[in-house]
Amino acid sequence: MDNVGSSQRTGEEITALYHRHADTVWRVCFSFMKNTPDTEDMVQETFLQLIRSGQRFDSEEHEKAWLIVVASNLCRDALKRSHRRDVPMEDGIPAPEMALSPLTEAVLALPEAWKTAVYLHYYEGYSAKEIAALLHCPHATVRTRLMRARRQLKTMLGGDCHELT
Amino acid sequence: MSSHDLRAAWDATLPSSAVRRRVLENILAAAAAPEREEPPMKRTFFTRSAALALAAALALGVTALAAWHLAAHGVTALEAPGRTAQEVTLYDLPPLPFNREAYAAYAESPANDGSAIPREYTYGGERVFFPDEAAFTKTTGVPIPHGGDLSLTIFSVMDQEPLVHQVSFDATATLDGRSCRLMGAFATEGIFGYHYGQEMPVYDSFEYAPGHRAYLLEYRNEETDVRLYWFLFAESGIFYRIPLTDGTQVYDPALTPESADMDFYKAVMASLAVE
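Here the protein sequences line up with chains S and U, keeping their order. Residues in the first sequence are numbered from 14 upward in steps of one, following my numbering. Residues in the second sequence are numbered from 771 upward in steps of one, following my numbering.
Quick look at the structure:
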């Protein structure tokens, strides 16, 4: 088991780490970037952040939480940079078309903060309290974001979102 | 639409196995390469302080659940440069009233935005149903303890969480023809809210009635530098917040403690005060 780069993780450990959390990190990044090429970059950067930091975690949950927060921050940062430069993330490279369902489109269209809360709550199963801890914001704010996201999805899709409570 | 549909929506964004493999190969290659001194995209977002903040936030999240400190919109230990840290701790607070008629009217009205959903849940092994004044009284306590000419119209009950039995509500408080938004949270087990590390400095504090103190908190949006102000106080088991603005509009960046009619807000709070 050879060491990789300056971190203490071996190639096998990195591969295992990636397989454990790749889907989660991908979903988080895609919700921000909304296209595959940029998402690839952000996923790669997220894992490299962890690998280069040399951080180890007591549990997979903690490891996942760290990756979610870092992935979100990286994407937000990248988007801000691209907005400041007023250029698309992938200059001149058209993003491949993905056939997304109306629901996926609606979810991706939610404001960033709401979308993150919805993902963490409904996909990852975090409670509002845990999300507040992750996102470093008041619990009441998370609940408000979830409520408003439900309301907007209901408006956009015209269906009954009361199941999402 | 269900939670299952939502999960499927996100899964639809997942990449092919080829893309997944390519990303892993890139990660392995980049990790094996010597670190560049000046990466093409400089990543400064995750600083040491951010890492510490994350760790602190995670720690606080756990601690907050165990602690009986509270904050409806984030207040436990409050500190700001040049100010003394203050702690707002509410405990042994008596109960709350519930305007069932107003709530029911709202829940059935077109104005209901989906937040006023009557729910059934188990409390103490028994099933109770909100909104139900008897159930409320049973789980929260007592009668509505406001006096004077203040009238309250509860138009939204935000959430009920069996874990901590927290209920928060949103109301309009009207006094002498003027109104303000009044938000409240209460719980039967002493937890009235949560704070996960966000600092909201105490801008000012004052007595609105003998022995009754309110805190004026300042929230600063770091990105926009907009500052918002909230009154925070506790009465009769309810942890109240009043955004510093007229009517029911919450955010009015133009309104400051200096330009607001503080006497009006103090009068509202005084009307809620119980001897």
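Ideal Cβ placement from N, Cα and C applies to all residues, glycine included.
Self-check item: Check whether L1002/U and I27/S have beta carbons under 8 Å apart
Solution: Residue mapping note: residue 1002/U aligns to position 232 of the second sequence, counting from 1. Residue mapping note: residue 27/S aligns to position 14 of the first sequence, counting from 1. No, these two residues do not count as a Cβ contact at 8 Å.
Quiz item: Excluding the five sequence neighbours on either side, which residues of its own chain have a C-beta within less than 7 Å of the C-beta of A130/S, listed in chain order?
Solution: To locate residue 130/S, count along the first sequence from 1; it is residue 117. By the criterion of a C-beta distance shorter than 7 Å, A130/S is surrounded in its chain by I144, V155, R158, L159 and A162, once the five residues flanking it on both sides are discounted.
Exercise. Express the C-alpha separation of F45/S and L123/S in angstroms, rounding to a whole number.
Key: Within the first sequence, the letter at position 110 stands for residue 123/S. Within the first sequence, the letter at position 32 stands for residue 45/S. Straight-line Cα distance between these residues: approximately 10 Å.
Exercise. Return no unless some Cβ of chain S is closer than 8 Å to the Cβ of T783/U.
Key: Translated into positions along the second sequence, residue 783/U becomes position 13. At least one chain S Cβ lies under 8 Å of T783/U.
Quiz item: Beta-carbon of R158/S versus every beta-carbon of chain U: anything under 8 Å?
Solution: To locate residue 158/S, count along the first sequence from 1; it is residue 145. No, its Cβ sits nowhere closer than 8 Å to a Cβ of chain U.
Self-check item: Exposure label - V56/S; buried when at least 16 CB within 10 Å
Solution: To locate residue 56/S, count along the first sequence from 1; it is residue 43. Of the residues assessed, V56/S falls on the buried side of the cut-off, its CB having 16 or more other CB atoms within 10 angstroms.
Quiz item: Does the distance from the CB of W780/U to the CB of Y31/S come in under 8 Å?
Solution: The sequence position of residue 780/U within the second sequence is 10, counting from 1. The sequence position of residue 31/S within the first sequence is 18, counting from 1. In this structure, the beta-carbon distance from W780/U to Y31/S does not fall below 8 Å.
Self-check item: Residue from R33/S, A126/S and T168/S with nearest C-alpha to L116/S
Solution: Along the first sequence, one-based indexing puts residue 116/S at 103. The shortest CA-to-CA distance from L116/S to any of R33/S, A126/S and T168/S is the one to T168/S.
Quiz item: If we cut at 8 Å on Cβ distances, does A1030/U have a partner in chain S?
Solution: As a working note, residue 1030/U is residue 260 in the second sequence. Using a CB distance cut-off of 8 Å, A1030/U does not count as an interface residue toward chain S.
Self-check item: Straight-line gap, Y1010/U to L952/U (C-alpha atoms, nearest Å)
Solution: The sequence position of residue 1010/U within the second sequence is 240, counting from 1. The sequence position of residue 952/U within the second sequence is 182, counting from 1. When rounded, the distance between both Cα atoms is 7 Å.
Quiz prompt | Range of the contiguous alpha helix (DSSP H) that encloses S772/U | solution = Here residue 772/U corresponds to residue number 2 of the second sequence, with the count starting at 1. Counted as a single uninterrupted DSSP element, the stretch harbouring S772/U is not any alpha helix (DSSP H), since DSSP gives it neither H nor E.
Quiz item: Under the rule that 16 or more other beta-carbon atoms within 10 Å means buried, what is F43/S, buried or exposed?
Solution: Taking the first residue of the first sequence as position 1, residue 43/S is located at position 30. The C-beta of F43/S has 16 or more other C-beta atoms within 10 Å across all chains shown, which makes the residue buried.
Practice problem: With distances taken Cα to Cα, identify the nearest neighbour of Y132/S among F1034/U, D1033/U and T783/U. | Solution: Here residue 132/S refers to the residue found at position 119 when the first sequence is read from its first residue. Y132/S has its Cα closest to that of T783/U, out of F1034/U, D1033/U and T783/U.
Quiz item: If you measure from the beta carbon of S787/U to each beta carbon in chain S, is any gap under 8 Å?
Solution: Translated into the one-based positions of the second sequence, residue 787/U becomes position 17. Cβ-Cβ to chain S under 8 Å: no for S787/U.
Quiz item: Is the distance from the Cβ of S85/S to the Cβ of V41/S below 8 Å?
Solution: Reading the first sequence from its first residue, position 72 is the one you call residue 85/S. Reading the first sequence from its first residue, position 28 is the one you call residue 41/S. Going by beta carbons, S85/S and V41/S fall inside the 8 Å limit.
Quiz item: Any beta-carbon of chain S closer than 8 Å to the one on L986/U?
Solution: For the purposes of this step, residue 986/U is taken as residue 216 along the second sequence, with counting starting at 1. For L986/U, the answer is no, since every Cβ of chain S falls outside 8 Å of its Cβ.
Quiz item: Which chain U residues are close to E53/S, counting only those with a beta carbon under 7 Å from its beta carbon?
Solution: Residue numbering aside, residue 53/S sits at position 40 when the first sequence is read from its first letter. Simply V789 and V793.
Exercise. Go ahead and pull the three-state DSSP assignment for G884/U.
Key: Translated into the one-based positions of the second sequence, residue 884/U becomes position 114. With a pLDDT of only 46 at G884/U, under the threshold of 50, the placement of this residue in the model should not be trusted, and no figure is reported.
Quiz item: Any C-beta of chain U sitting closer than 8 Å to the C-beta of F60/S?
Solution: Locating residue 60/S in the first sequence gives position 47, counting from the first residue. Yes, its Cβ sits closer than 8 Å to a Cβ of chain U.
Practice problem: Please go through the same chain and pick out, in chain order, the residues whose beta-carbon is closer than 7 Å to the beta-carbon of A78/S, but skip the five residues on each side of it. | Solution: For the purposes of this step, residue 78/S is taken as residue 65 along the first sequence, with counting starting at 1. Once the five neighbours on either side are set aside, the close Cβ partners of A78/S are L147.
Quiz item: Residues in the segment 61-82 of chain S with C-beta within 9 Å of chain U's C-beta atoms, listed in sequence order?
Solution: Here the close residues are L61, Q62, I64, R65, S66, Q68, H75, A78, W79 and V82.
Practice problem: For P1011/U, name the three-state secondary structure that DSSP assigns. | Solution: The residue you call residue 1011/U lines up with position 241 of the second sequence. In the sequence as displayed, the identity of residue 1011/U is Arg instead of Pro. Looking at R1011/U - three-state DSSP - the assignment turns out to be strand.
Exercise. With 8 Å as the threshold, decide whether the Cβ of L113/S is near any Cβ in chain U.
Key: As a working note, residue 113/S is residue 100 in the first sequence. For L113/S, the answer is yes, since a Cβ of chain U falls inside 8 Å of its Cβ.
Self-check item: Cutoff 8 Å: L776/U Cβ touching any chain S Cβ
Solution: In the second sequence, the residue the question calls residue 776/U occupies position 6. For L776/U, the answer is yes, since a Cβ of chain S falls inside 8 Å of its Cβ.
Practice problem: State the CB to CB distance for the pair A35/S and R790/U, rounded to an integer number of angstroms; the pair is presumed to be in contact (CB under 8 Å). | Solution: As a working note, residue 35/S is residue 22 in the first sequence. As a working note, residue 790/U is residue 20 in the second sequence. Going by Cβ atoms, the distance from A35/S to R790/U rounds to 6 Å, so yes, they are a contact pair.
Quiz prompt | Endpoints, the alpha helix (DSSP H) within which S975/U is located | solution = Walking along the second sequence from the start, residue 975/U turns up at place 205. Careful: S975/U lies outside any alpha helix (DSSP H), inside the beta strand (DSSP E) at V972 to A979.
Practice problem: If I'm right that V793/U touches E53/S with Cβ under 8 Å, what's the distance once you round it to whole angstroms? | Solution: Numbered from 1 along the second sequence, position 23 holds the residue referred to as residue 793/U. Numbered from 1 along the first sequence, position 40 holds the residue referred to as residue 53/S. The pair is a contact, with the Cβ atoms about 5 Å apart (cut-off 8 Å).
Quiz item: For F60/S, is the classification buried or exposed, using 16 other Cβ atoms within 10 angstroms of its Cβ as the cut-off for buried?
Solution: The residue you call residue 60/S lines up with position 47 of the first sequence. It is buried - the Cβ of F60/S has at least 16 other Cβ atoms within 10 Å.
Practice problem: Answer yes or no: does any C-beta atom of chain S fall closer than 8 Å to that of W780/U? | Solution: Here residue 780/U is taken as the residue at index 10 of the second sequence, counted from 1. Contact with chain S is found for W780/U, since one of that chain's Cβ atoms lies less than 8 Å from the residue's Cβ.
Exercise. Could you list which residues in chain U have their beta carbon closer than 9 Å to that of R40/S, in chain order?
Key: Here residue 40/S refers to the residue found at position 27 when the first sequence is read from its first residue. What R40/S touches in chain U: W780, D781, T783 and L784.
Quiz prompt | Cβ neighbour criterion (16 or more within 10 Å) applied to Q62/S | solution = Within the first sequence, residue 62/S is the residue found at index 49, counting from 1. Classification of Q62/S: buried, given that the 10 Å Cβ count is 16 or more.
Quiz item: Given that a residue counts as buried once 16 or more other Cβ atoms are within 10 Å of its Cβ, and exposed if not, what is M14/S?
Solution: For this step, residue 14/S is matched to residue 1 along the first sequence. Low per-residue confidence applies at M14/S: pLDDT is 33, beneath 50, and the placement is therefore not dependable enough to give any value.
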